Every structure is written in C-alpha cells, then in structure tokens.
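*Asks:*
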Ligand code: WT7
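Numbering (my numbering), first residue to last: 62 to 693.
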C-alpha cells in the first residue's frame with residue numbers, strides 16, 4: 062500500500078518507496094534532468110510507443126519567429142487509429158473502453174471493438190454529409206458515448222471538430238458557429254440535467270439560424286431516434302447510419318504534422334472567445350505520454366475523470382489520452398450531487414474505479430456534504446487521485462486525503478486549454494505539498510518570472526508563469542486570429558505567457574495564486590470579464606457594466622457585476638433576477654452573475670478603461686492601490 066502519510070510538520074507527503082519504485086516514473090529528478098538535457102530524445106522515446114503509417118524524419122521543427130512548433134514532421138498517422146484500431150488489432154477488442162453512467166442512472170458499456178465499430182459508422186455518416194479531411198464539424202452534445210464517438214469519427218476522417226459544451230446558450234453557440242463556420246453541426250434532440258429534459262435541439266436550431274455555413278444538422282436521439290419533424294438540412298443520425306450500413310469499413314485518414322485535430326473555444330480578455338487550435342500528431346503525443354506517466358495507467362485500471370468532454374480536460378483526459386493508453390474510462394453525465402451527494406462515491410464503488418481525476422469545486426462540494434457520504438461506500442479500489450481547474454486549497458486537500466483512506470497520492474495538475482496536456486504536476490513517486498501543483502513534467506521548462514523584466518524571480522517570490530520551450534501538444538494558433546496567438550509569445554519575449562501567477566518554493570514546487578489577466582475561474586470554468594460585460598450591455602436598460610471575480614469558499618471565485626443603467630431605466634430598473642436571466646440567455650448558466658450592484662458610475666482611467674482592480678479592491682476591503690490614472 063502506498064503511504065502518502067505526513068512525514069514532516071511542514072506537511073510534506075512522501076510516497077512509500079516500493080510504490081514509487083514500481084511506478085512509471087520512479088525517479089522524477091533523474092528523468093527531468095535527462096529530458097531537459099535532451100528533450101528530443103525524451104519525446105522520441107514516447108513517440109516510438111505510438112503507431113504511424115509513416116515515421117517522422119524530424120521530431121520538432123520550431124520556428125522562433127512565428128512560434129509555431131511542428132511536431133513529428135514527415136510522419137503520417139491518425140489519433141483515432143491509435144486510440145481504437147491499434148488496440149483491437151493487438152487483441153484487446155473485448156476490453157471495456159467506455160463505461161457510461163447517465164444523468165438518470167442508466168448505464169452502458171462499450172468494448173474497444175464496439176467503440177471502433179460505432180466510430181467507423183459515425184465517420185461514414187459524416188462522410189455521407191460531405192465531410193472529409195480538413196472540413197469542420199461542430200459537436201453540441203451532452204456527455205454521452207455519442208459525443209465521444211462523434212469526436213473520434215471526425216479524427217478518423219481528418220475533419221476538425223469543435224466541441225461546444227452542451228450547457229451553453231444559443232447565443233454562445235451561435236457566436237462559436239459564426240467563427241468556426243462548420244459544414245456540419247451534430248446535436249441531440251434533448252439532454253438531461255438533474256432529471257429534467259433540456260431541449261437541446263431547439264438551442265441548436267436557433268443558433269444555426271445565424272450560421273450559414275452549416276449545410277447539415279445531424280440529430281442524435283438521446284433516448285432512441287428523434288421522433289419530431291425534420292426541418293430542411295436536418296437528418297436523424299439513425300437514418301444516416303441505416304444508409305451506410307453496407308459500406309465497407311472506412312480506413313483512418315493519414316494525418317501530418319500540419320493538420321489540425323480540433324478547435325476549442327475558450328475565454329480570454331476580450332469579449333470574443335478564442336478558438337484554440339490543436340494539431341493532430343503533436344496533441345496525440347503529448348496527451349498519450351502525460352496520461353501514461355502521470356496517471357501511471359495499467360491494464361487493470363478503471364479511470365474516472367469527472368470532466369465533460371466539452372471542455373479541454375474532457376478532450377485530453379476523458380477521450381484521447383486514456384483511450385490512447387487502452388484504459389477503461391468511466392464517463393459520468395450530470396452533477397456530483399444528483400441524485401445525491403453519493404453520486405461519485407457510488408460510481409467508484411460499483412465500477413471499482415482506481416483513478417479518480419476530479420476538481421477542487423467538486424471536492425469542496427462533497428466536503429460540505431460531510432464525511433458520512435464517502436463513509437457509506439467501499440473506496441478500496443482507488444489508488445490515485447487527481448485534481449484540475451483551479452488551485453486545490455490545503456483544507457480540501459486534507460479532507461480528500463482523509464476520506465479516501467489517508468494514503469493515496471493526490472495529483473494537483475496544472476495546465477490550460479492552450480497547453481493541451483498537463484504541464485506541472487506531482488507524480489505517484491514524488492512528495493506532495495498540499496496546495497502545490499508540484500513540478501514540471503519532464504521535457505517542460507516552466508518558470509516564475511517578473512513580468513517587467515522576464516527574469517526568473519527568487520524562490521518564494523511570486524510572479525508570472527511562463528513556459529520556455531515547445532511541448533508536443535502545444536496549440537498552433539488562434540483560429541482566424543494569428544495576432545492573438547503572437548501575443549502569448551511576445552508578452553515575455555520568446556516564452557509562452559500563461560496568464561497565471563504563482564510562486565515557487567526552494568524545492569522548485571509551484572503554488573498557483575490565480576490569474577493576472579481579466580479571466581475569472583468560476584467552479585473551474587474559465588470566463589472573461591469582457592464577455593460577461595458585453596452580454597450585460599445588450600440588455601436594453603444597461604448602459605455600462607463591469608465584472609470581477611470575487612473569492613468564494615466553494616467555487617473558488619464567483620462573478621460580481623456592477624451595472625450602470627440608462628437614464629430612461631432609472632424609474633423602472635430591471636430586477637436582479639432579470640439581469641441574471643439575461644446573462645444566462647446570452648451566455649449560459651455558468652456565466653450567471655452571483656452578485657449584482659446597480660451603481661451610478663464605474664471607476665475608469667482617463668482613457669476610458671474600466672478599472673476592475675479598483676472595484677475588486679473595494680469589494681474585498683483592500684487598499685485601492687495607485688489611483689493616479691483614475692478619471693474622477
Ligand atoms: C486555467 C486554465 C486545463 C484544465 C482545465 C482548465 C487554472 C488549471 C490548475 C491547478 C491552479 C489551475 C489556471 C489556468 N488552473 N489547473 N491545478 N491549480 N490553477 O482549463 O479552462 O483553459 O483554464 O485554469 O488559472 O490558467 P482552462
């Protein structure tokens with residue numbers, strides 16, 4: 062048994078030597094040193110574990126002018142082949158690939174052979190709608206096997222997918238469709254949320270009205286084929302599948318170093334979400350190697366990551382990384398409290414889950430429900446715990462540690478939509494410090510720098526996190542916005558600017574402190590203040606708005622907004638509920654403000670920029686700082 066019990070009063074948790082020794086990375090320091098000295102050999106060894114139609118001639122082509130990292134140059138291969146066909150060909154077709162637990166408790170399991178079969182059929186259905194290599198497909202589905210299959214089917218065809226989280230509103234979906242301009246949109250007739258039916262198709266249809274590029278809308282029946290009327294350009298998935306039933310299996314498309322795999326929209330500092338572009342082969346290498354070495358995946362593992370595949374965590378660590386490693390993946394629809402707070406614990410017991418990759422908000426939520434919930438279940442199958450999305454505070458760390466037996470490693474993993482793969486993390490074999498995300502993955506050079514000079518700060522001092530060298534699953538660009546991509550690399554010249562602040566201790570451990578830009582993290586979801594503000598001012602009574610993130614015990618941060626009304630609205634001001642509902646309709650439930658203040662004016666600089674920093678300081682009762690640029 063691993064012994065991650067406290068060995069020093071400083072709160073250092075040390076793994077037992079025999080567990081460390083048997084893990085995939087038994088000597089982190091040695092491996093890190095070797096990878097830094099020769100990163101190409103390090104990644105080369107990992108690339109060799111994957112299968113290619115044609116091998117690469119150059120592992121990495123790095124362009125320091127454009128900041129483009131071309132990985133596996135000359136190779137031809139396919140991530141869907143490596144995630145499915147390869148395992149079936151190697152005799153593992155009967156191994157369970159995906160266990161799905163629906164919002165209402167219904168369950169389904171698919172073997173690797175079944176998942177491959179479904180993927181091939183789905184790819185054929187897409188092809189019947191004119192989708193081929195390089196074409197774009199938007200996927201607006203709840204977290205179900207069909208969502209996973211749709212992604213893998215696009216990858217098989219060499220089509221570029223953009224998965225949109227199914228909780229987004231029609232306006233949010235529409236703005237993504239307008240930017241992405243997909244040929245095909247895949248959606249479901251309905252979704253379930255806490256037992257309630259959500260009319261997903263209505264949302265997709267309304268969003269499509271503004272998106273002329275979509276020639277075909279494919280409807281997946283959430284509970285059997287969709288029975289309603291079809292509008293023009295709409296197809297039932299089941300009908301398309303019927304038509305392709307007799308076609309010969311479709312081979313995977315050979316993809317190269319410059320072929321994208323997907324675009325995923327995320328929030329930045331402007332009002333418009335940015336389409337982060339990930340590349341087929343490099344992304345495959347990065348997610349494969351990190352899943353294998355961080356989660357120490359073995360054939361007997363049952364791996365449960367709580368993310369929706371609609372977010373990057375789901376892309377990399379529900380779908381691609383684990384399937385590339387031939388893992389058995391548990392995908393759970395719904396929330397950790399529905400039907401009750403035992404939802405995750407009971408899934409762990411019933412499916413003998415050995416790796417549970419969760420989020421700080423989930424852990425804190427379960428912590429509030431009390432020890433009796435985890436105590437009711439047999440959690441003895443667990444061997445590794447993980448967390449991602451926001452800092453895991455020590456209180457939640459200790460609770461998670463205690464209720465799962467007091468001996469399991471907790472891997473607090475740091476990364477981003479842009480990085481595609483985990484960049485900073487503890488390992489099963491390394492000591493852990495509660496509140497710290499550990500140290501960089503081998504081959505990753507991460508530093509905490511002074512934003513003014515770009516130089517590394519001293520241990521214990523805080524600064525901005527940058528990545529100095531290219532990594533395989535790095536994003537290649539921002540869709541249709543190369544300037545925005547450049548900005549990531551020019552803020553600190555030549556390094557990737559993460560937008561996060563952290564301090565590093567004398568042992569090199571990172572402690573993340575939050576964002577340095579106008580990005581808010583609500584329950585791990587990333588939202589831009591400008592996005593929320595733009596949504597607010599589309600309300601006919603709102604003239605100006607400012608949004609800030611306010612620290613919160615459960616969600617990490619909550620959204621607080623300040624609004625200035627139009628003079629005509631002052632006699633009949635909109636209520637808080639109306640303002641909340643407005644944002645929900647514009648952006649979706651995750652962006653709904655928690656607190657609203659109606660004010661007469663906002664603090665601004667002389668050039669008219671809203672000083673959110675001042676609002677935040679006031680809100681938290683802190684000094685307001687330098688006010689010399691304040692207009693009034
Ligand atoms: C931002 C990226 C990539 C996973 C899901 C979020 C924050 C992520 C941690 C962590 C502290 C973390 C950062 C980062 N974040 N993981 N372990 N400790 N902060 O992806 O939506 O692109 O958000 O999430 O602020 O920049 P994302």
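Idealized CB from N, CA, C, for every residue including glycine.
Keep in mind that this is a model prediction, so the values were computed, not measured.
Return helix, strand or coil for residue 465, following the three-state DSSP convention.
*Replies:* In the chain shown, residue 465 corresponds to position 404, counting from 1. Of the three classes helix, strand and coil, the one that applies to residue 465 here is coil, per DSSP.
*Asks:* Just verifying my parser: in three-state terms, what is the DSSP assignment at residue 540?
*Replies:* The residue you call residue 540 lines up with position 479 of the chain shown. Residue 540: coil per DSSP, three-state reduction.
*Asks:* Can you name the start and end residues of the beta strand (DSSP E) that residue 428 belongs to?
*Replies:* Stepping through the chain shown from its first residue, residue 428 is reached at position 367. First-last for residue 428: 421-430, but that is the alpha helix (DSSP H), not the beta strand (DSSP E).
*Asks:* Could you tell me the alpha carbon to alpha carbon distance between residue 63 and residue 469, rounded to whole angstroms?
*Replies:* Indexing the chain shown from 1 puts residue 63 at position 2. Indexing the chain shown from 1 puts residue 469 at position 408. Its pLDDT being 42, under 50, residue 63 is placed unreliably by the model, and the measurement read from it follows with that caveat. Cα-Cα distance, rounded: 6 Å.
*Asks:* For residue 660 versus residue 623, is the C-beta distance shorter than 8 Å?
*Replies:* The residue labelled residue 660 in the question sits at position 599 within the chain shown. The residue labelled residue 623 in the question sits at position 562 within the chain shown. In contact: residue 660 and residue 623 (Cβ atoms closer than 8 Å).
*Asks:* Considering only the alpha carbon of each residue, which of 669, 425, 450, 234 lies closest to residue 649?
*Replies:* Working through the chain shown from its first residue, we reach residue 649 at position 588. Cα-wise, what sits closest to residue 649 is 234.
*Asks:* Quick one, are the C-beta atoms of residue 275 and residue 310 less than 8 Å apart?
*Replies:* The count along the chain shown starts at 1 and reaches residue 275 at position 214. The count along the chain shown starts at 1 and reaches residue 310 at position 249. Their beta carbons are not under 8 Å apart, which means residue 275 does not touch residue 310 by this criterion.
*Asks:* Do three or more CB pairs link the region 626-643 to the region 365-380 at distances below 8 Å?
*Replies:* Touching, no.
*Asks:* Are residue 308 and residue 185 close, meaning C-beta to C-beta below 8 Å?
*Replies:* For the purposes of this step, residue 308 is identified with residue 247 of the chain shown, where counting begins at 1. For the purposes of this step, residue 185 is identified with residue 124 of the chain shown, where counting begins at 1. Taking 8 Å as the Cβ cut-off, residue 308 and residue 185 qualify as a contacting pair.
*Asks:* Can you tell me where the alpha helix (DSSP H) with residue 434 in it begins and where it stops?
*Replies:* Counting from 1 along the chain shown, the entry for residue 434 is found at position 373. Run containing residue 434: 433-436, per the alpha helix (DSSP H) assignment.
*Asks:* Should residue 241 and residue 197 be called a contact, given that it needs their Cβ atoms to be closer than 8 Å?
*Replies:* Residue 241 sits at position 180 when you count from the first residue of the chain shown. Residue 197 sits at position 136 when you count from the first residue of the chain shown. For residue 241 and residue 197, yes; Cβs fall inside 8 Å.
*Asks:* Compare the beta carbon distance of residue 385 and residue 348 with 8 Å and say whether it is the shorter of the two.
*Replies:* For the purposes of this step, residue 385 is taken as residue 324 along the chain shown, with counting starting at 1. For the purposes of this step, residue 348 is taken as residue 287 along the chain shown, with counting starting at 1. Yes, these two residues count as a Cβ contact at 8 Å.
*Asks:* Tell me the rounded alpha-carbon separation between residue 419 and residue 690.
*Replies:* Translated into positions along the chain shown, residue 419 becomes position 358. Translated into positions along the chain shown, residue 690 becomes position 629. Straight-line Cα distance between these residues: approximately 43 Å.
*Asks:* State the Cα-Cα distance for the pair residue 229 and residue 261, rounded to the nearest angstrom.
*Replies:* Counting from one through the chain shown, the residue named residue 229 turns up at place 168. Counting from one through the chain shown, the residue named residue 261 turns up at place 200. C-alpha separation (whole angstroms): 10 Å.
*Asks:* Give the single residue among 461, 411, 453 whose Cα lies nearest to the Cα of residue 432.
*Replies:* Position 371 of the chain shown holds residue 432. With distances taken between Cα atoms, residue 432 lies closest to 461.
*Asks:* Measuring alpha carbon to alpha carbon, tell me which residue in 534, 617, 647, 327 is nearest residue 457.
*Replies:* The residue labelled residue 457 in the question sits at position 396 within the chain shown. For residue 457, the nearest C-alpha among the options comes from 617.
*Asks:* Using only the alpha-carbon positions, how far apart do residue 499 and residue 564 sit?
*Replies:* Position 438 of the chain shown, counted from the start, is the residue given in the question as residue 499. Position 503 of the chain shown, counted from the start, is the residue given in the question as residue 564. Answer to the nearest angstrom: the Cα atoms are 11 Å apart.
*Asks:* Using the beta-carbon count (16 or more within 10 Å), is residue 70 buried or exposed?
*Replies:* Position 9 of the chain shown holds residue 70. Confidence in residue 70 is poor, its pLDDT being 45 and thus under 50, which makes the residue's placement too unreliable to answer from.
*Asks:* With hydrogens ignored, establish whether the beta-carbon of residue 452 is closer than 7 Å to any heavy atom of ligand 1.
*Replies:* Within the chain shown, residue 452 is the residue found at index 391, counting from 1. At least one heavy atom of ligand 1 is nearer than 7 Å to the Cβ of residue 452, so yes.
*Asks:* Taking the alpha helix (DSSP H) that residue 106 belongs to, which residues open and close that run?
*Replies:* Position 45 of the chain shown, counted from the start, is the residue given in the question as residue 106. Start and end: 100-108.
*Asks:* Buried or exposed: residue 123, going by 16 or more other Cβ atoms within 10 Å of its Cβ?
*Replies:* Against the chain shown, residue 123 aligns to sequence position 62. Exposed: under 16 other Cβ atoms inside 10 Å.
*Asks:* Helix, strand or coil for residue 637, going by three-state DSSP, please let me know.
*Replies:* As a first step, residue 637 must be located in the chain shown, where it is residue number 576. Correct three-state label for residue 637: helix.
*Asks:* State yes or no: is the C-beta of residue 609 within less than 8 Å of the C-beta of residue 676?
*Replies:* Taking the chain shown and counting its residues from 1, the one referred to as residue 609 is at position 548. Taking the chain shown and counting its residues from 1, the one referred to as residue 676 is at position 615. Yes, these two residues count as a Cβ contact at 8 Å.
*Asks:* Suppose you measure from the CA of residue 525 to the CA of residue 577; what does that come to, to the nearest Å?
*Replies:* By 1-based counting over the chain shown, the position of residue 525 is 464. By 1-based counting over the chain shown, the position of residue 577 is 516. Spanning the two alpha carbons is a distance of roughly 8 Å.
*Asks:* Give a single yes or no on whether residue 478 has its beta carbon closer than 7 Å to a heavy atom of ligand 1.
*Replies:* By one-based count along the chain shown, residue 478 stands at place 417. Residue 478: yes, Cβ under 7 Å from ligand 1.
*Asks:* Taking the straight line between their C-alpha atoms, what separation do you get for residue 426 and residue 346?
*Replies:* Translated into the one-based positions of the chain shown, residue 426 becomes position 365. Translated into the one-based positions of the chain shown, residue 346 becomes position 285. Cα to Cα, the separation comes out at about 34 Å.
*Asks:* Nearest to residue 303 by alpha carbon, out of 248, 250, 183?
*Replies:* What you label residue 303 is simply residue 242 of the chain shown in a count that begins at 1. Nearest option by C-alpha distance: 183.
*Asks:* Is residue 573 near ligand 1 - that is, is its Cβ less than 7 Å away from at least one heavy atom of it?
*Replies:* Numbered from 1 along the chain shown, position 512 holds the residue referred to as residue 573. Within the cutoff, so yes.
*Asks:* Name the two residues that bound the continuous alpha helix (DSSP H) containing residue 240.
*Replies:* Stepping through the chain shown from its first residue, residue 240 is reached at position 179. Unbroken alpha helix (DSSP H) run through residue 240: 231-241.
*Asks:* Here's a check: name, in chain order, each residue in its chain whose Cβ is nearer than 8 Å to the Cβ of residue 170, leaving out the five neighbours to either side.
*Replies:* Residue numbering aside, residue 170 sits at position 109 when the chain shown is read from its first letter. So the list reads 157, 159, 160, 161, once near-sequence residues are dropped.
*Asks:* Note the first and the last residue of the continuous alpha helix (DSSP H) segment covering residue 300.
*Replies:* Translated into the one-based positions of the chain shown, residue 300 becomes position 239. Its alpha helix (DSSP H) spans residues 298-305.
*Asks:* Please check if any C-beta of chain B sits within less than 8 Å of the C-beta of residue 328.
*Replies:* In the structure shown, chain B cannot be found, because there is only a single protein chain.
*Asks:* Using 7 Å as the cut-off, classify the Cβ of residue 593 as near or not near the heavy atoms of ligand 1, replying yes or no.
*Replies:* Position 532 of the chain shown, counted from the first residue, corresponds to residue 593. No, Cβ of residue 593 sits at least 7 Å from all heavy atoms of ligand 1.
*Asks:* For residue 258, which of 284, 97, 267 has the nearest alpha-carbon?
*Replies:* In the chain shown, counting from the first residue as 1, residue 258 sits at position 197. When only C-alpha atoms are compared, the closest one is 284.
*Asks:* Is it the case that the CB of residue 449 approaches a heavy atom of ligand 1 more closely than 7 Å?
*Replies:* One-based indexing of the chain shown puts residue 449 at position 388. Yes, the beta carbon of residue 449 sits closer than 7 Å to at least one heavy atom of ligand 1.
*Asks:* Identify whether residue 176 lies in helix, strand or coil by the three-state DSSP scheme.
*Replies:* On the chain shown, residue 176 is found 115 positions in, with the first residue counted as 1. Three-state DSSP puts residue 176 in a helix.
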